[in-house]
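**Q** I'd like to ask some things about the structure below.
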Amino acid sequence: MVDMTKVPECELSRRLGGDSTLVRKLLCRFSANLPILIVRLSLAIKSNDASRAKSQITMLEEVAKSIGAADLEDQLSMLRVQLADLPAENPGLLQTDVETIAVNFRQHLEKRFAITPEDRPDSTVL
């Protein structure tokens, strides 16, 4: 269950006028969609599509900012720099960084907001 005491402290809550129910739904939706976003980023990197990879990084940076995850913003910023510096023939070198970012997002959601797999919007369907 989402820890509602933490919701008012995040940027997302301020952006949505303090609507904690909507914030909770968006946090759960992001938690459910995180694997898809990470796969898209990984595929963009593997296919040397820097533009698409940067777009995914920008989206993840915005989410990190919204949920108060400054450390993740920094990691994503570093990934963007590494992407620009990486030779096209070695996209696999960034995969470990992408996987670390995915784990860190999941941990942040669990620690800060107590979001668990049961909070995923699709968990009631299973």
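First residue of the sequence shown? That's 93 in my numbering, and the numbers climb one at a time after it.
Glycine residues also receive a C-beta, built at the ideal position from the N, C-alpha and C atoms.
Note that this is a predicted model, so its numbers are computed, not measured.
1) Between which residues of its own chain and L218 is the CB-CB distance below 7 Å, once the five residues before and five after are set aside?
2) Who are the near neighbours of L114 in its chain, counting only those whose CB is closer than 8 Å to its CB and skipping five residues on each side?
3) Would you mind sorting I128 into buried or exposed? The rule is 16 or more other CB atoms within 10 Å of its CB.
4) Comparing alpha-carbon positions, which option in I159, S158 and Q148 lies nearest L171?
5) Following the continuous alpha helix (DSSP H) through E165, name the residue where it begins and the one where it ends.
6) Indicate the three-state DSSP secondary structure (helix, strand or coil) for E154 in the structure shown.
**A** Let me lay it out:
1) In this prediction, L218 has a pLDDT of 33, which is less than 50 and means its spatial position is unreliable; what the coordinates show is noted afterwards. Cβ within range, chain order: n/a, list empty.
2) L108
3) exposed
4) Answer by Cα proximity: Q148.
5) Boundaries of the alpha helix (DSSP H) harbouring E165: A162 to D177, taken from the DSSP string.
6) helix
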